[in-house]
Each structure stands twice: as C-alpha cells, then as structure tokens.
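Working notes, structure below.
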Amino acid sequence: MKIEKIRKICVVAFIIVGLACIFIEKANAPKEYTGVGDGFNDEITVTILTKKNSNGEVRISDVKYAHNDTQAIADPAIGQLITQLKATQDISKLDTIAGATYSSEGFIMAVEDALSKIKK
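Just so we're aligned, residue 1 is where the sequence shown starts under the UniProt record's numbering, counting upward by one.
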C-alpha cells in the first residue's frame, strides 16, 4: 500500500515538472516580428527572431527575408546586411551596399519596421 502511494506521488510530480518545463520553454521561445520596406521592384519583407539575454536585452537571433528584386544583386547585399546586423545588434550601424542601394534601403527600412513592433 505504501509503495502504491509513493508511485502515485511520483507520477503526479513528473507530470507537474513536465508541464512546468513546457511553460518555461514557451516563455523563453524566440519572438517573431515582421516588417516591410520598399525595395527596387517591390516590397521587401523581413522576419526577425529575437531572444532576451540574461541581462534582459533583446538580441536578434535570426533574420529571414523575401523580395522580388533581382536575386543576383539583392541577395548578396542583404546577406551582408544580415551578417552586420547580427554582429553589431545595431540597426544604426548598417549602411547601404553599393550596387544594391534600393534593396539595401528597403531591407533596412523593413528591419526598422520590425524592430519598432517590439514592446519595450
């Protein structure tokens, strides 16, 4: 009888711990923000994934984008801008890429739009 009671307590404890882990994971999951900017041919849509670090600062962890500009021109430029953004975590340090000025400006505009949606 005593072993059966201990077994039931253990099962309930495991369920509680499992549920707590799920809630903690969801609370710490990356937040997603979307922004739009004007590219050369059409809009550039940017999706930014952010996480808070141990100091409570919002950090950009990933950037995804979609556009209708010329891929051979826009993709390398946007790739460079994403690398700079992840390294510096500062939109004001981004500058347009020569040869892809409109695409660069549209990407930066889209990132600014997405970041403006973060509740501080």
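For every residue, glycine included, the Cβ atom is placed at its ideal position computed from N, Cα and C.
No residue range can be given for LEU94, since it is assigned to no alpha helix (DSSP H) and is classified by DSSP as neither H nor E.
In the structure shown, ASP75 adopts helical secondary structure according to DSSP, grouped into three states. Close CB contacts of ALA110 within its chain, under the 6 Å cut and outside five residues either way in sequence, are with GLY35, VAL36, GLY37, ILE44 and VAL46 (chain order). Partner residues in the beta bridge of GLU32, as assigned by DSSP, are LEU49. Within the model, the alpha-carbon separation for LYS64 versus ALA13 is close to 40 Å.
Under the three-pair Cβ rule at 8 Å, the stretch 70-83 does not count as touching the stretch 3-18.
Residue environment for PHE23: exposed (fewer than 16 other C-beta atoms within 10 angstroms of its C-beta). Judged by DSSP in its simplified three-state form, ALA66 adopts strand.
Its chain contains LYS93 and LEU94 as the residues whose beta carbon lies nearer than 7 Å to that of GLN84, once the 5 sequence neighbours on both sides are disregarded; these appear in chain order.
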